[in-house]
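The structure appears below as structure tokens.
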Amino acid sequence: MNNFLINNLEKTIANSNVLNSQFQDVQGQLAFVFEFLLDENKQKGIFLIAENDDFNILQIFVRYPQTVSKENIPQALVALNRINSISIAGFLMLSEENDIHYAHYKANLVLSKQSIESNYPENELLVFINSNLDMIEAFSDDLFKK
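Note that the working numbering numbers the sequence shown so that position 94 is 129, with each residue one more than the last.
Quick look at the structure:
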């Protein structure tokens, strides 16, 4: 991974609304693990970085702390579909782990390596990070506070 990108991402993330970010190798994938406030509580998220010859793919991924009970899965799926149909940023999905169901949020940003190296897009990245954190909170309210 390009040190130029990592160093600049560290600075950009430090200027965003995330808390306590730390660069890590997560199962062979470069990532920034971070905390942010969700309903005034600290929540963990991850900012994954993948690359190919021409592009870098940046992904924000957060699992909501609340679970979805089996009997509420049909309503949760309807809510996820409704929210995803109007979302202009990331999207929500439902997953099951050890018979426990969670909602997840994921958003992607694809940047060409040439554009990163010629004119590092700090403002675009700040908007990507901060607006997605805002969407995560708004979706949390819509899913879990009704």
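Here a beta-carbon is modelled for each residue, glycine too, at the ideal position from N, C-alpha and C.
Any chain D beta carbon closer than 8 Å to residue i
| i | result |
| --- | --- |
| residue 63 | The chain labelled as chain D is not found in the depicted structure, where only one protein chain is given. |
Whole-angstrom distance between residue j and residue i, CA atom to CA atom
| i | j | result |
| --- | --- | --- |
| residue 97 | residue 63 | 19 Å |
| residue 73 | residue 91 | 28 Å |
| residue 40 | residue 151 | 7 Å |
Selected residue, minimal CA-CA separation from residue i, among the options
| i | options | result |
| --- | --- | --- |
| residue 80 | 46, 89 and 58 | 58 |
| residue 144 | 39, 53 and 84 | 84 |
| residue 113 | 90, 92, 93 and 138 | 138 |
| residue 104 | 129, 122 and 117 | 129 |
N-terminal and C-terminal residue of the beta strand (DSSP E) that residue i is part of
| i | result |
| --- | --- |
| residue 66 | 64–73 |
Sub-8 Å separation of residue i and residue j beta-carbons
| i | j | result |
| --- | --- | --- |
| residue 142 | residue 119 | no |
| residue 50 | residue 127 | no |
| residue 140 | residue 43 | no |
DSSP state of residue i mapped onto helix, strand, coil
| i | result |
| --- | --- |
| residue 153 | helix |
| residue 105 | helix |
| residue 165 | helix |
| residue 77 | strand |
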